[in-house]
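Protein chains in written order, with the working numbering: chain Y, 3 to 594; chain L, 32 to 174. Working notes for the structure below.
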Amino acid sequence: MGEEEPRIGVFICHCGINIGKVVNVPEVVKYAKALPNVAYAEDNIYTCSEAGLASIKKAIEEHNLNRIIVASCTPRTHEPLFRSACREAGINHYLFEMANIREQCSWVHAHQPEKATKKAKDIVRMAVARATWLEPQEEPELDIKDSALVIGGGIAGMTAALTLADQGFKVYLVEKEPGLGGNLRRLHKLYPTMQDTSEILEPAVKAVTTNKRIETLTSTLVSDVKGYVGNFKVSLAKNGEKREVEVGTIIVACGAVNYTPPKGLHQYGVFPNIVTQLELDELLRNGKIEKPPERIVMIQCVGARKGEIRAVDLAGFPKSDTARLLAKILKAKKEEGWPYCSKICCMNAIKNAILVKEKFPETDIIILYGDVRVYKEYEDFYSEAREHQVKFVKHIEEVTPEITQGPGQKLTVTAYDALSGREMQLPCDWVVLSTPLIPHKEEVILARMLKIPISPDGFLMEAHLKLRPVDTQMDGIFLAGAASGPKDVPESIISAKAAAARASTLMANKKMRTEALTSVVDEEKCIGCGLCEEICSYGAHYLEEAKSHTIAALCRGCGACAAECPRRAITMQHFTDEQVLAQVKAALMEEA
Amino acid sequence: MEEAKVREEFEPVILAFCCNWCSYAGADLAGTSRFEYPTNVRIIRVMCSGRIDPTFILSALAWGADGVLITGCHPGDCHYVQGNYMMERRFAFLKEALSQLGIDPERLRLEWISAGEGEKFAALIRDTTQRIKQLGPNPLKAT
Numbered sequence: 003m004g005e006e007e008p009r010i011g012v013f014i015c016h017c018g019i020n021i022g023k024v025v026n027v028p029e030v031v032k033y034a035k036a037l038p039n040v041a042y043a044e045d046n047i048y049t050c051s052e053a054g055l056a057s058i059k060k061a062i063e064e065h066n067l068n069r070i071i072v073a074s075c076t077p078r079t080h081e082p083l084f085r086s087a088c089r090e091a092g093i094n095h096y097l098f099e100m101a102n103i104r105e106q107c108s109w110v111h112a113h114q115p116e117k118a119t120k121k122a123k124d125i126v127r128m129a130v131a132r133a134t135w136l137e138p139q140e141e142p143e144l145d146i147k148d149s150a151l152v153i154g155g156g157i158a159g160m161t162a163a164l165t166l167a168d169q170g171f172k173v174y175l176v177e178k179e180p181g182l183g184g185n186l187r188r189l190h191k192l193y194p195t196m197q198d199t200s201e202i203l204e205p206a207v208k209a210v211t212t213n214k215r216i217e218t219l220t221s222t223l224v225s226d227v228k229g230y231v232g233n234f235k236v237s238l239a240k241n242g243e244k245r246e247v248e249v250g251t252i253i254v255a256c257g258a259v260n261y262t263p264p265k266g267l268h269q270y271g272v273f274p275n276i277v278t279q280l281e282l283d284e285l286l287r288n289g290k291i292e293k294p295p296e297r298i299v300m301i302q303c304v305g306a307r308k309g310e311i312r313a314v315d316l317a318g319f320p321k322s323d324t325a326r327l328l329a330k331i332l333k334a335k336k337e338e339g340w341p342y343c344s345k346i347c348c349m350n351a352i353k354n355a356i357l358v359k360e361k362f363p364e365t366d367i368i369i370l371y372g373d374v375r376v377y378k379e380y381e382d383f384y385s386e387a388r389e390h391q392v393k394f395v396k397h398i399e400e401v402t403p404e405i406t407q408g409p410g411q412k413l414t415v416t417a418y419d420a421l422s423g424r425e426m427q428l429p430c431d432w433v434v435l436s437t438p439l440i441p442h443k444e445e446v447i448l449a450r451m452l453k454i455p456i457s458p459d460g461f462l463m464e465a466h467l468k469l470r471p472v473d474t475q476m477d478g479i480f481l482a483g484a485a486s487g488p489k490d491v492p493e494s495i496i497s498a499k500a501a502a503a504r505a506s507t508l509m510a511n512k513k514m515r516t517e518a519l520t521s522v523v524d525e526e527k528c529i530g531c532g533l534c535e536e537i538c539s540y541g542a543h544y545l546e547e548a549k550s551h552t553i554a555a556l557c558r559g560c561g562a563c564a565a566e567c568p569r570r571a572i573t574m575q576h577f578t579d580e581q582v583l584a585q586v587k588a589a590l591m592e593e594a
Numbered sequence: 032m033e034e035a036k037v038r039e040e041f042e043p044v045i046l047a048f049c050c051n052w053c054s055y056a057g058a059d060l061a062g063t064s065r066f067e068y069p070t071n072v073r074i075i076r077v078m079c080s081g082r083i084d085p086t087f088i089l090s091a092l093a094w095g096a097d098g099v100l101i102t103g104c105h106p107g108d109c110h111y112v113q114g115n116y117m118m119e120r121r122f123a124f125l126k127e128a129l130s131q132l133g134i135d136p137e138r139l140r141l142e143w144i145s146a147g148e149g150e151k152f153a154a155l156i157r158d159t160t161q162r163i164k165q166l167g168p169n170p171l172k173a174t
C-alpha cells in the first residue's frame with residue numbers, strides 16, 4: 003500500500019442500456035460507497051463520454067481521490083482512455099483499475115438480472131481490493147537510435163528500406179541470397195495487371211542499391227540479436243566474416259516460400275509433366291512449352307487447407323461410387339498439408355490460365371477447385387478467365403485426384419465432380435498444382451533470436467491480428483510482407499510501408515517510454531539460484547555477484563519469474579502477490 | 032433425490048484466472064457475441080498464465096473457492112513465448128499436491144482459450160459450473 007491512505011473513486015457505467023438494462027447500477031453504486039477505502043461513487047450513462055471523463059476529473063479534485071475505478075467494459079479497449087483522464091487530473095495512471103461488468107457480466111447474463119447485479123457487486127469489490135494495493139509507477143525512458151535493420155531483400159524489405167531511407171534514417175538491408183528481389187525473381191507476370199515482374203523489380207533494386215542511406219548486405223545472415231527497442235546490437239555473418247551493427251528498430255521481411263510437394267503427392271516428381279504454378283510460370287517465361295497442349299488440368303489447394311478433413315455428405319452420391327469415395331477420403335486424411343488458405347493460389351491459377359489461353363487459345367483448361375476465393379477487383383479477373391473459356395470445376399476436395407499416365411505420353415486425372423458426385427476422367431498434357439506460400443524453415447531460428455512468438459500456421463505472429471497487424475509483441479520490431487502470412491505484391495507493399503511508418507515514429511521521437519510492467523528483484527531475499535535467468539524468455543534477468551537483476555527494457559512483464567522464484571524475491575509490478583491475492587480474497591469473502 | 036436437489040440449488044463460486052492476451056480476450060468475445068453462461072465465475076486478469084503463482088490457487092481453495100479455473104493461450108501461442116508451458120508444469124504439480132492435501136483435484140481445471148474462442152469460453156464456464164455443482168461445496172469453506 004502506498005504512503006497515503008487510499009481514497010478510491012468508483013465510476014459505474016450504464017453504457018447506455020448495455021449494462022443498465024441488466025445490472026441494477028444504482029444498487030451497485032450504493033454497494034460500492036460502503037466498501038472500505040471508497041471515498042466516492044457515482045454512476046454515468048457513458049463514463050467514456052466527454053461528460054463522463056469530466057466527471058471523473060471533477061470528483062478527483064472535489065473528493066481528493068487517489069485511486070480510480072471505472073466499472074464498465076473491458077480494459078482491453080478502454081483502459082488507455084481512462085488512464086489518460088487520470089493522468090490529466092494528476093493521478094499516476096497505474097492507480098487506475100477497471101472492473102469489467104459489460105463483456106463479462108451484463109452481456110453474458112442478460113436473462114439473470116438479479117444474479118448479474120450480485121456478480122457486478124463482486125467484481126467491483128474485487129477491483130476495490132486490488133486498487134487499495136495499487137502503487138504509482140514511473141515508466142522508464144529509453145533513447146532510440148536513428149537507424150534500422152531490415153531483414154529480407156524481397157519486395158517488402160526493399161519497400162520498407164526505401165520508405166525509411168526517404169525519411170532520413172540509415173538502413174541496413176540484409177539478404178541471405180546473393181541478389182535482391184526474393185520470390186519476385188522467380189515470377190514472370192503479376193496478376194491482375196499482367197505486368198512483367200521486372201517492371202516492378204528492377205526499379206526497386208536500382209533505387210535501393212543507389213540510395214546513399216541504405217547499406218545493402220547480400221549473402222548475409224543475421225546470427226544474433228541482443229539489446230532492446232532503440233538499442234539493438236545485431237551480429238551479421240557473411241561467408242564466415244562477422245560484423246556488428248547497432249540499430250534502433252528492426253523490420254522483419256523474411257517472406258515465405260512456395261510449397262513444393264514431396265515426391266509422389268499427386269504424382270509430383272514422378273511424371274515430368276506435373277508441375278507447380280510457379281514452375282508453369284517459369285516454363286511460360288522461358289518458352290519451354292512449344293507445342294499447344296490439348297488440355298491442362300490445374301488442381302487447387304494442393305497442400306493447403308488440409309489441416310482437417312471436413313465431413314462429406316455421402317447420402318447424395320450414386321451408390322457405385324460411394325465405397326471408393328469413402329476409401330479415398332480415409333486415405334486423404336494422411337495427406338501432408340498446411341491448414342490455412344494461402345489466398346494467392348486462386349489468382350495465380352487464373353493468371354497462368356489466362357497466359358496459356360493468350361498463347362494457345364485452343365487449349366482446354368480445367369481448374370479443379372474446392373472453393374474459389376477471389377476478392378475485391380480479383381472478381382473481374384476471375385470473370386476474364388471465364389470469358390477465355392477457362393473451366394472451373396468444383397470437385398470433392400477430400401478425395402485426392404488420382405493421376406495416371408496414359409493414353410501415350412498424356413496423363414489422366416480422375417476426380418469426383420462435387421455437384422453430381424460422379425467420377426470424371428480427364429486426359430491432359432499437363433497437370434499444374436496450385437501450392438501455398440509456407441513459412442521459411444529458418445523462421446523458427448529468427449523467431450527465437452527476436453523473441454517473437456510463432457502463429458499456429460507457422461508464421462511470425464503480430465501483436466494483435468486486428469489492431470496491431472505490423473507490430474510484434476517486442477517493442478521496436480515490426481513485420482512486413484509474407485513474414486506474417488501469405489501476401490501478394492500490393493499487400494506486401496502496404497504492410498512494408500506500414501511497418502516503416504511504425505518504425506520511423508519511434509525513431510523520429512528519439513525517445514520512448516515503456517510500460518512499467520516489469521519485475522523487480524529484492525536483493526535481500528535473492529539467493530542467486532538463477533532460476534529466473536533460466537526461465538526468462540527475454541533474457542531480462544542476469545546474475546551478478548550471486549544476485550539476480552532485471553533489465554527493465556527487456557522485461558515484457560509476463561510475471562513468470564515472480565511465480566517461479568522459490569524465495570518470493572521477485573515482485574511483478576502492477577501484478578504483485580498482494581494485489582492478486584487481495585482480489586482472490588475479495589472474490590470469496592464479502593467482508594475481506 | 033434430496034441430495035441431488037441440494038446440489039442443483041448450490042451456487043458455487045468459481046475463480047477463473049485469465050491471461051490478458053488470449054483467454055481474457057476470449058471471455059470478452061463471449062460477451063460481445065452474447066453467449067450466455069452461469070454467473071458463478073469471477074475472473075482475475077493477469078498478463079500471462081505464467082504469472083499464476085501456486086499460492087494464488089492454494090489460497091483461493093483455502094479461502095473457500097469451490098473451483099479454480101486456469102486459462103491461457105494455446106500451446107505454442109503464448110504471447111510471452113512459453114509462460115503457458117510453465118503454468119502447465121505447475122498444474123501437474125498442483126493436482127498432485129491437492130490430492131495429498133485431501134482436496135478433490137477436480138476442483139482445479141486448466142484449459143487453453145484463444146482470443147477467438149468466445150463460444151468455447153462460454154461452454155467451458157457452463158461445463159465447469161456443472162462439474163463443481165456435482166462436487167458440492169468446498170469443505171474448507173466453513174473453517
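Note that the Cβ used here is the ideal one computed from N, Cα and C, for glycine as well.
Helix, strand or coil at residue i [DSSP, three-state]
i	result
Met463/Y	coil
Ile291/Y	coil
Ala150/Y	strand
Gly229/Y	strand
Arg312/Y	Bear in mind that a pLDDT of 33 at Arg312/Y, under 50, signals an unreliable position, so the number given afterwards is only what the model happens to contain. Coil, per DSSP.
Tyr33/Y	helix
Gln427/Y	strand
Arg245/Y	strand
Ile301/Y	strand
Ala334/Y	Model confidence at Ala334/Y stands at a pLDDT of 48, short of 50, so the residue's coordinates are unreliable; what they give is reported in the following sentence. Of the three classes helix, strand and coil, the one that applies to Ala334/Y here is helix, per DSSP.
Asp108/L	coil
Gly114/L	helix
Rounded straight-line distance, which links the Cα of residue j to that of residue i
i	j	result
Gln279/Y	Asn350/Y	7 Å
Thr160/L	Ile134/L	18 Å
Leu332/Y	Val523/Y	Since pLDDT at Leu332/Y reaches only 48, below the 50 mark, its modelled position is unreliable, and the value read off the structure follows with that caveat. Each residue's Cα considered, the two are about 56 Å apart.
Ala420/Y	Glu404/Y	15 Å
Glu177/Y	Met476/Y	22 Å
Leu370/Y	Ile298/Y	11 Å
Ser422/Y	Ile368/Y	17 Å
Ala498/Y	Val254/Y	9 Å
Lys78/L	Lys244/Y	A quick correction: the sequence has Met, not Lys, at residue 78/L. Cα to Cα, Met78/L sits roughly 38 Å from Lys244/Y.
Asp373/Y	Cys303/Y	9 Å
Pro438/Y	Met463/Y	18 Å
Asn213/Y	His442/Y	28 Å
Glu526/Y	Phe41/L	47 Å
Cys17/Y	Val72/Y	12 Å
Glu310/Y	Ala571/Y	Because the pLDDT of Glu310/Y is 42, which lies under 50, any placement of that residue in the model is unreliable, and the number read from its coordinates should be weighed accordingly. Those two C-alpha atoms are separated by around 47 Å.
Ile276/Y	Ser457/Y	32 Å
Interface residues of chain L facing residue i [CB-CB closer than 9 Å]
i	result
His113/Y	Glu67
Span of the alpha helix (DSSP H), counted from its first residue to its last, around residue i
i	result
Leu508/Y	491–511
Asp168/Y	157–168
Val130/Y	115–135
Interface residues of chain L facing residue i [CB-CB closer than 7 Å]
i	result
Cys560/Y	Met78, Cys79, Gly81, Arg82, Tyr111, Gly114
Ala118/Y	Thr70
Chain-ordered chain Y contacts of residue i [CB-CB under 7 Å]
i	result
Phe41/L	Going along chain Y, no residue has its Cβ under 7 Å from Phe41/L, so there is no contact; the nearest lies around 14 Å.
Host beta strand (DSSP E) of residue i (start-end)
i	result
Phe152/L	Run containing Phe152/L: none in the beta strand (DSSP E); it sits in the alpha helix (DSSP H), 149–166.
Ser550/Y	549–552
Asp145/Y	143–145
Met349/Y	Counting along the chain, Met349/Y falls outside any beta strand (DSSP E), though it belongs to the alpha helix (DSSP H) covering 347–361.
Ala41/Y	40–46
Partners in chain Y for residue i, counting only beta-carbon separations shorter than 9 Å
i	result
Asp135/L	Simply none; closest approach about 17 Å.
Interface partners of residue i on chain L, CB under 8 Å
i	result
Ala564/Y	Arg82, Asp84
Arg78/Y	Asn51, Tyr55, Ala56, Asp59
Continuous alpha helix (DSSP H) assignments of at least 4 residues falling wholly in the region 363–408 of chain Y: Here the runs fully enclosed are 380–389.
Which runs of the alpha helix (DSSP H), 4 residues or longer, sit entirely within the region 433–484 of chain Y? Taking only runs of at least 4 residues, the alpha helix (DSSP H) segments lying wholly in the region 433–484 of chain Y are 445–452.
Report the start-end ranges of each beta strand (DSSP E) in the region 34–91 of chain L that is 3 residues or longer and not cut off at the edges. If we require 3 residues or more, the beta strand (DSSP E) runs fully inside the region 34–91 of chain L come out as 45–50, 72–77.
Any chance you could list the beta strand (DSSP E) runs of at least 3 consecutive residues sitting entirely within the region 51–96 of chain Y, in chain order? Residue ranges of uninterrupted beta strand (DSSP E) with 3 or more members, entirely inside the region 51–96 of chain Y and ordered along the chain, are 69–74.
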